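Residue numbers (this note's numbering): 79 to 250.
Just so you know, even glycine gets a beta-carbon here, dropped at the ideal spot from N, CA and C.
Keep in mind the model is a prediction, meaning the values are calculated, not measured.
Only one structure is covered here, and it is reproduced in the block below.
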């Protein structure tokens, strides 16, 4: 594989290549933040992860974790509590409550939700002042506010368009 291949790290998919993640961003409390990802292989995933550059503090009521949705916005699986991992710098993964089969060449949303008073700062590769556009019906970064748990489904086209692709992973 090439350095941009998530399989080099034992991962099924990531939202952006590890080597391009050089900047940071911390979505605020109760912010559901999704990033469109595409798997290059059909596998069963058991973990979701992110790169925390600065740990969060003051975890509040609600979910601190990650989830995976199909491109239409249906929840496929979510991690257990990731509060501890999100309080320290480094790569952290949460184990899915049940494994999820993903299909090669199919789009998914890897999503993050935290309820810290001071949000963890996560790796990204850019700082766009403008939200990413809807391109041929594909929403790159859907954002929902006021969330304390992962919804069973959401409508990507009705979500607020985000402006940063955070570094999220799906692992076998």
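- One thing to note: residue 143 has its Cβ within 9 Å of the Cβ of residue 157.
- In the DSSP assignment, residue 121 is bridged to 180.
- Take the alpha-carbon of residue 92 and the one of residue 172: they are about 15 Å apart.
- Assigned with DSSP and collapsed to three states, residue 87 falls in helix.
- Taking all protein chains in view, the Cβ of residue 123 is crowded by 16 or more other Cβ atoms within 10 Å, so the residue is classified as buried.
- Note on residue 97: under 16 other CB atoms within 10 angstroms of its CB, so exposed under the neighbour-count rule.
- Residue 138 counts as exposed, since fewer than 16 other C-beta atoms from the protein chains shown sit within 10 angstroms of its C-beta.
- For residue 144, DSSP records a beta bridge to 190.
- Taking the C-beta atoms as reference points, residue 204 is found no nearer than 9 Å to residue 127.
- At a Cβ-Cβ threshold of 9 Å, residue 132 and residue 163 do not count as neighbours.
- A straight-line Cα-Cα distance of about 23 Å links residue 186 and residue 106.
- Every beta strand (DSSP E) stretch that sits fully inside the region 90-119 and reaches 3 residues is listed by chain position as 101-103, 109-117.
- In terms of CA proximity to residue 220, 149 leads the group 94, 119, 149.
- Here DSSP, grouped into helix, strand and coil, assigns residue 168 to strand.
- The Cβ-Cβ distance between residue 189 and residue 246 falls below 9 Å.
- Assignment of residue 208 by DSSP, reduced to helix, strand and coil, places it in the coil class.
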